[in-house]
Amino acid sequence: MARYELVKRSVALITLTNPPVNALSSAVRHGIAKTMERALSDPKVTAVVICGENGRFCGGADIREFAGPLRGPPLVPLLDLIEAGEKPVVAAIEGVALGGGLELALVCHYRIAHFKARLGLPEVTLGILPAAGGTQRLPRLIGIPAALELITTGRHVSAQEALKLGIVDQVTEQNACEVAVEFALRAIAKPLSSRRLSSLTTPCPPNLDALLEAVTMQIQKKARGVMAPLACVQAVRAAATMPYSQGIKRESELMATLFHSGQARALQYCFFAERTAGKWTLPSGAQWNDTKPREIRSAAVIGLGTMGRGIAVSLARVGIPVIAVESDKKLLETGRQMVIGMLERDAKRRGVSASLNLLKFTLSLEDLKDVDLVIEAVFEDMALKKSVFRELSKVCRPATLLCTNTSGLDVDALAGVTDRPQLVIGMHFFSPAHVMKLLEVVCGPRSSSETVATAMSLGKRMGKVSVAVGNCPGFVGNRMLKPYSDQASFLLEEGATPEQIDKALEDFGFAMGVFRMSDLAGLDVGWRVRKESGLTGPDVDPKNPPRWRQGRKYCPIPDMVCEQGRFGQKTGRGWYVYDKPGGTNAKPDPLIQNLLETYRSRYGIKPRNITDQEIIERCLFALANEGFRILEDGIAARPEDIDVIYLFGYGFPRHRGGPMFYASMVGLQRVLERLEHYHQAHPDVPHLEPSPLLKKLVACGSPPVQKWREHIKTMHSHL
Ligand SMILES: CCCCCCCCCCCCC[C@H](O)CC(=O)SCCNC(=O)CCNC(=O)[C@H](O)C(C)(C)COP(=O)(O)OP(=O)(O)OC[C@H]1O[C@@H](n2cnc3c(N)ncnc32)[C@H](O)[C@@H]1OP(=O)(O)O
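Here the sequence shown stands for residues 5 to 723, numbered as in my numbering.
Pasting the structure below:
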């Protein structure tokens, strides 16, 4: 796991060999210990270079090892040994030096980085802190403010920025190993004492307390309830106020508080879940690693509303020529200006030039005859979408992939009106599409494996986290949202207020509660869908009981809010009131309070005190319960896929791991008991009835989330 060679007759070259990222597994640590000992004791060796195989220095500690008992040589004494050695050690950083990888580089006496390398201490994103001296050595090297920023955010820096900050000594466009060997030969005669970071005094800013306080407040605001960044601040404080020997003890104590925490487990689960999600399999057996995607050299977007504009920008900024289509001149011109503006702002932010030459705008579908792929993003209306797909089927060449950005309509029904159902697939982007990372790739029963592979790979190229899901109303994300938001509405009936429910959800960790989020998204969208599905509006039979629709309990309060023209932020009024249309400062509205009181008295509902615990349990357990049903139905292949959808598409707090992981952390037995309890109290709400899969998992002893798949025997997998 660490190769040893003697080069240039006197330089020991140690290469970490643990693909794909040369993580510091127990075997690698063992390898480093052995090879370093050999280098330090061999009189022929005058200097040492450490590098990583396959152009990657080191991706840090092996995160998979954190779940089991700690084995092998501990990292801290091993790194101390390298730093204390009497022979100069040079790190040759190619690819990445992250976490423990950067900590390894920091104990080397010199660091040479390839110009494409990225460096950072991302431990905070895994719910822990850099505990192999990183919180103590980095501040000594680059000062408190810069170290604090890097350690508390986990941000990666480029080699050029690392040079500016003083993290590396040289950046090279040549082979970093060869440059490091030459560098090491020149370093032989130089004294090492000033190169041992642990022996330096931390340069301390005069306003240390104010700085730490400001960063703490920023963290508490941005990452409410998240422990690791606060522990990082404390560790950096120790670097500023304590000698190294005490600081390193403090670092280790703080790590001990984080290491086995639920937040660390959740965040590490998220890291792997995100990677698992890309590995799709279809019922035919075709899967991610045996199906070649088609190359997409040109694309078209139909409809330049909010979604279409974001999709066009996402395609153009990764170099794909896009033809954008609208139905009339005025809409086309507005869309054109908006897309160009968005692309220019995006390019400015990224410091690149805007690829405006890749965009074409047209009123005619005929212009799409030669494109490789079309994404339809017209109004959410089945008849309209069908007519677009019929037309596309006529004008596009037979090999063109036809994708729909529907957020919940039947993808197979659209495939059915075309001459190529195997080339039809859903690409469900989230708004704003050029910002949100999630893409649900909706596989219809007739979508070919090549079509799935192409949509997944295009998503990746666009920088999205793509998750393959089956075709059912609302797919995964929006199907689960219904029981969640229904519970919030029922809680309003029973005595809660929008602000109380939102606060409970925001305290749990959501960036926005359900009502603030609906105000942002626009309340009219859901209202239109409810009208179209006969849940409200003139189509409802007047003999229908007022709080009962389609055989189950129904809460009409959201419809009543819309009937008053309150569509959310854009109209300046929704569940909250805003200072102006488009305003973002949400204030509780006495008119909503009034509406709720009138409603309750009309239906003889006596309001009761509702606890935050009940709000969280009813909203989130109903959400997870639908997730179990989705797994049973074969609409999502794994709980990790559902969690990734909720993390990237719906703002589920990452330190809670996603709805399915959260349910497993609470304990499936407890989730089952609480759902049974709430279902008994509300027998007319089917979403509260525990799903058969949840019951089965509890009966099997509540296995960890990674093992649920073994218990899911779907009659018919859609994936
Ligand atoms: C009382 C109790 C007290 C307990 C105290 C215990 C103390 C223990 C001592 C701790 C010492 C601390 C050491 C250190 O401070 C801690 C760390 O280093 S944590 C790790 C930090 N590193 C990272 O966060 C980097 C994570 N990786 C990435 O960001 C990316 O993978 C990458 C390196 C940028 C590469 O990106 P890509 O090229 O896109 O490739 P993938 O992301 O798809 O990854 C490929 C493959 O590799 C797996 N993988 C990546 N990194 C790691 C890793 N660090 N450990 C394990 N596995 C890793 C990844 O999952 C992919 O796997 P695949 O999906 O292919 O199976």
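Glycine included, every Cβ here is placed at the ideal spot set by N, Cα and C. All values reported here derive from a predicted model rather than from experimental measurement.
Here DSSP, grouped into helix, strand and coil, assigns Thr588 to coil. Excluding five sequence positions before and after Ala641, the CB atoms of its chain that fall closer than 6 angstroms to its own CB belong to Leu723, given in chain order.
Shown here for Thr39: same chain residues with a beta carbon closer than 6 angstroms to its own, the five before and five after excluded, namely Ala6, Tyr8 and Ile18 in chain order. Of the residues assessed, Asp490 falls on the buried side of the cut-off, its CB having 16 or more other CB atoms within 10 angstroms. Here Ala96 carries a strand assignment [DSSP, helix/strand/coil]. For Glu127, the CB contacts under 6 angstroms within the same chain, skipping 5 residues up- and downstream, are Gly103, Leu133 and Pro134 in chain order. Lys373 has its alpha-carbon roughly 5 angstroms from the corresponding atom of Val399. Going by DSSP, Gln491 is part of the alpha helix (DSSP H) stretching over Gly481 to Glu498.
Closest in C-alpha terms to Gly307, from the list Cys407, Thr261, Phe275 and Gly99, comes Cys407.
Under the three-state reduction of DSSP, Leu676 is assigned to helix.
Tyr666 sits in a helix when the DSSP states are folded into three classes. No Cβ-Cβ contact shorter than 8 angstroms links Ala243 with Thr310.
For Thr206, the three-state secondary structure derived from DSSP is coil. With a contact defined as Cβ atoms closer than 8 angstroms, Glu90 and Val111 miss out at about 14 angstroms.
Comparing alpha carbon positions, the residue from Ser202, His113, Asn179 and Lys120 closest to Arg144 is Ser202. For the pair of segments examined, the region 562-574 was found to touch the region 512-531: the number of CB pairs separated by less than 8 angstroms reaches three. According to DSSP, Arg7 shares a beta bridge with Thr19. Around the Cβ of Leu286, a 10 Å sphere holds 16 or more other Cβ atoms; the residue is buried. DSSP lists Leu28 as the beta-bridge partner residues of Ala65. In chain order, Ile306, Glu380 and Val382 place their CB closer than 7 angstroms to the CB of Val392, counting only its own chain and leaving out the 5 sequence neighbours on each side.
Residue burial annotation: Gly124 is buried, with at least 16 other C-beta atoms found within 10 angstroms of its C-beta.
For Met259, the number of other beta carbons within 10 angstroms of its own is at least 16, and it is reported as buried.
When DSSP states are grouped into helix, strand and coil, Cys236 belongs to the helix group. Under a 10 Å Cβ-count criterion, Gln178 is classified as exposed, with fewer than 16 other Cβ atoms of the shown protein chains found around its own Cβ. Only residues of its own chain outside the window of five on either side were considered, and among them Thr129, Leu130, Gly131, Arg658 and His659 have a CB closer than 7 angstroms to the CB of Leu271, listed in chain order. In the DSSP assignment, Tyr248 falls within the alpha helix (DSSP H) that extends over Tyr248 to Phe263. By DSSP's assignment, Tyr114 forms a beta bridge with Val94.
Within the DSSP bridge table, the entry for Phe433 names Leu443 as partners. Counting C-beta atoms within 10 angstroms of its own C-beta, Cys566 has 16 or more neighbours from the protein chains shown and is therefore classed as buried.
In the three-state reduction of the DSSP assignment, Lys225 falls in the helix class, which pools H, G and I. The criterion of a C-beta distance shorter than 8 angstroms is satisfied by Val240 and Ile155. By DSSP's assignment, Arg577 forms a beta bridge with Gly572 and Val581.
Checking the DSSP bridge columns, you'll see His160 partnered with Gly124. By the criterion of a C-beta distance shorter than 7 angstroms, Val709 is surrounded in its chain by Pro643, Met664, Phe665 and Ser668, once the five residues flanking it on both sides are discounted. Following the DSSP letters along the chain, one finds Ser537 in no alpha helix (DSSP H), marked with neither H nor E. Straight-line spacing of the CA atoms in Ala437 and Ala71 works out to 36 angstroms.
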